[in-house]
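Visitor: Mind having a look at this structure? Questions to follow.
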Ligand code: ADP
Ligand code: MG
């Protein structure tokens, strides 16, 4: 039994979705659903959650009801399903009445394998749900049910009745939120206490994790995107105003970028989002309002202009890049000023302690001096033993040096400033800055004034932050961020306790690991152009036709035939039918044109030998006459290539032609021969007979 199901679900995977293998946990989850059991699936963004209910929906009898929080999200998923030839649609309040009626009719008649519905619209379906065969319920983005989370949706709490009303129908809840409390909440709220939990690894090894100090952010960003051509990317900022300012800066430097935030009208937002999805606008500068509904697989980079307020948010946002599994670069700018601002936001709120604790973890991640991925996954309860090799720390490990003297100077300055000043002033004093604030307070007269003037401001700032992290200094955020000494500082000052500091400033310009995007053989570009054209014809985003990963696979495998094309990842039956011809034409033309560097006769001969094609087939493929192909062979022969002519012509035929030569009045032209043989002997044979 096991093997048949196994076999079946793999078949369905290739036939409908075009994939050969399951991603981690997909198979186990799918089997659990097929066994009619309730399931909680926790997988990172891009982990392939949708397939976990879409495939069972195809395997089981009836209609799968998918509860999904966002209308844009529903539409994208339904479009993608339809592109794969699967009957699916959605039901929500944005639809005109007639359309809704049609959906209800289709549902009633059992024409749908999947129906996506907003939680608010679910009650409207109730009377039909009781009378049809439901294969399963899927609750996508299930963390919306938890009042703990920031995405809480009251309508989700009504989903509790699903299990009461349909106790036999398997229910699967899916989320990317790793938080334990949320997971428990999901099980309770959906009344599936016995659901089997599948928690996939949160590792996304294709995401490069990069954290840099937040000085000269704009300049750093311009450098960064200059190297990335028209790749799609998202820059997250904390405020609406900064999204607009940064977008304007980028535009003024000739980049196509748009700002996106909640202050725009919904039409404006839709247009911007649409242009991004369709690769028309490569760069979006957005507040975190952007992204939840975005299911774009080829986002190649994400930048955090400001530090996010917790690791969950950070991980979800960087997770929007590289969903196609290809490499993506994520870059977080870390600045102490951001930490202070975020603390202010959290202070005085109901959940202050909780938020501050999360912020602190975020800060620790940003300041980590060992493998970032270890820190990140550790936060989600996953412990890896090896360093990842794909983060800034692993690529350029910080260099430690004996920082005791620097530490002593800093501590001494803090002491002499009576522990009353914040980071900025401490730095100014140490560097001997000649500014009004310093003079107003008479700090130019204290003993440590200018004690560290040989150290660049931003280096010194980094050292002080490290001293804070090492517990040598502490900061009172609630008192204007003043710096204070800890017991450890006293040891540094008076007991000559050694302090190690690291140089973590990376000169952006010098960072070597950023290679310019691989210069693609132009086949990829040609495939992309064809993809946009086809997408435009059906008014869909490009990735609905094929993901970048599928195009890469084509570029790599260079399929020339339908059979070869069917083996491409992402090509299922529907897409084979719809797109094979168009893509094969482009690929074949491209390959032929590459070979066109060869003299034409050599090309024909190469196809004969290497591709085992007959002269007729070659003539068809090359769009030449069969006659020309034989002329090419003759030319090869003249140049010394051995050819077994008797596979094309018999010795009797040669004799006949030689005989004709003696009788004909004009034996140098071919036409008289043709007439002589009453059109029974093709021209190429005549030519060949005469040559031999
Ligand atoms: P999630 O909802 O977990 O964020 P999605 O369901 O949107 O992720 O899937 C992310 C991407 O992975 C999609 O482009 C999807 O087509 C692709 N994908 C899903 N399953 C597979 C698979 N078995 N092999 C290859 N790609 C897959
Ligand atoms: Mg999803």
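Residue numbers (full-length UniProt numbering): 1 to 692. Heads up, the beta-carbon is just placed ideally off N, CA and C, and yes, glycines get one too.
1) Specify whether the region 20-36 and the region 109-122 touch according to this definition: at least 3 beta carbon pairs, one from each stretch, less than 8 Å apart.
2) Three or more C-beta pairs under 8 Å: does that hold for the region 171-182 against the region 49-65?
3) Taking 7 Å as the cut-off, is the C-beta of residue 546 nearer than that to any heavy atom in the ligand ADP?
4) What is the C-beta distance between residue 214 and residue 335, in whole angstroms, given that I count them as a contact (C-beta under 8 Å)?
5) Could you compute how far the alpha carbon of residue 29 sits from the alpha carbon of residue 265?
6) Given the structure, does residue 297 come close to the ligand MG, in the sense that its CB is under 7 Å from one of the ligand's heavy atoms?
7) What first and last residue would you give for the beta strand (DSSP E) that runs through residue 565?
8) Since residue 424 and residue 17 should fall inside the 8 Å C-beta cutoff, what is the C-beta to C-beta distance between them, to a whole number of angstroms?
9) Who does residue 47 pair with in a DSSP beta bridge?
10) Given 8 Å as the limit, is there contact between the region 344-361 and the region 283-301, that is, 3 or more CB pairs closer than that?
11) Let me know if residue 287 comes out buried or exposed under the rule of 16 or more other beta-carbons within 10 Å of its beta-carbon.
12) Whole angstroms is fine: what's the gap from residue 247's alpha carbon to residue 284's?
13) Unbroken beta strand (DSSP E) runs of length 3 or more, entirely within the region 113-137: which are they?
14) Roughly how many angstroms separate the alpha carbons of residue 672 and residue 660, rounded to a whole number?
15) Assign residue 689 to buried or exposed, taking buried as 16 or more other Cβ atoms, counted over all protein chains shown, within 10 Å of its Cβ.
16) Does DSSP put residue 513 in a helix, in a strand, or in coil?
17) For the region 519-595, which segments carrying the alpha helix (DSSP H) assignment without a break, of at least 4 residues, lie completely within its bounds, in sequence order?
18) Please report the distance separating the alpha-carbon of residue 570 from that of residue 548.
19) Fully enclosed by the region 11-61, which beta strand (DSSP E) runs are 3 residues long or longer?
20) On the DSSP bridge list, what partners appear for residue 210?
21) Quick one: does the C-beta of residue 91 sit closer than 7 Å to a heavy atom of the ligand ADP?
22) What residues in its chain sit with their C-beta under 7 Å from that of residue 507, if we drop five residues either side in the sequence?
23) Leaving out the 5 sequence neighbours to the left and right, which residues in its chain are closer than 6 Å to residue 498 when beta-carbon positions are compared?
24) Nearest-angstrom Cα distance between residue 136 and residue 168?
25) Quick check on residue 507: does DSSP put it in helix, strand or coil?
26) Which residue marks the beginning of the beta strand (DSSP E) containing residue 492, and which one marks its end?
27) Go to residue 80, then tell me how far its alpha helix (DSSP H) extends in each direction, as first and last residue.
28) Given residue 14, which residues of its chain have a CB within under 7 Å of its CB, disregarding the five upstream and five downstream residues?
29) Assuming residue 200 and residue 103 are in contact, meaning their beta carbons sit under 8 Å apart, how far apart are those beta carbons, in whole angstroms?
30) Return the CA-CA distance between residue 624 and residue 228, expressed in angstroms with no decimal places.
31) Within the same chain, show all residues whose beta-carbon is closer than 7 Å to that of residue 61, passing over the 5 residues directly before and after it, in chain order.
32) Put residue 89 into one of helix, strand or coil per three-state DSSP.
Guide: Checking against the coordinates, here is how it stands:
1) no
2) yes
3) no
4) 3 Å
5) 40 Å
6) no
7) From DSSP, residue 565 is part of no beta strand (DSSP E) but of the alpha helix (DSSP H) over 562-566.
8) Wrong, their Cβ atoms sit about 55 Å apart, outside the cutoff.
9) According to DSSP, which records beta bridges pairwise, residue 47 is partnered with nothing at all.
10) no
11) buried
12) 8 Å
13) 114-117
14) 9 Å
15) buried
16) Confidence in residue 513 is poor, its pLDDT being 40 and thus under 50, which makes the residue's placement too unreliable to answer from.
17) 522-537, 542-545, 548-557, 562-566 and 573-595
18) 10 Å
19) 39-42
20) 331
21) no
22) Annotation note: pLDDT 43 at residue 507 (below 50); position unreliable, coordinate value reported separately. Closer than 7 Å at the Cβ level, and outside the excluded window around residue 507, lies no residue.
23) 404
24) 9 Å
25) Note on residue 507: pLDDT 43, under 50, position unreliable in the model; no value is reported.
26) Not the beta strand (DSSP E): residue 492 falls in the alpha helix (DSSP H), residues 487-494.
27) 71-83
28) 20 and 572
29) At roughly 32 Å, the Cβ-Cβ gap does not stay under 8 Å, so residue 200 and residue 103 are not in contact.
30) 42 Å
31) 133 and 135
32) strand
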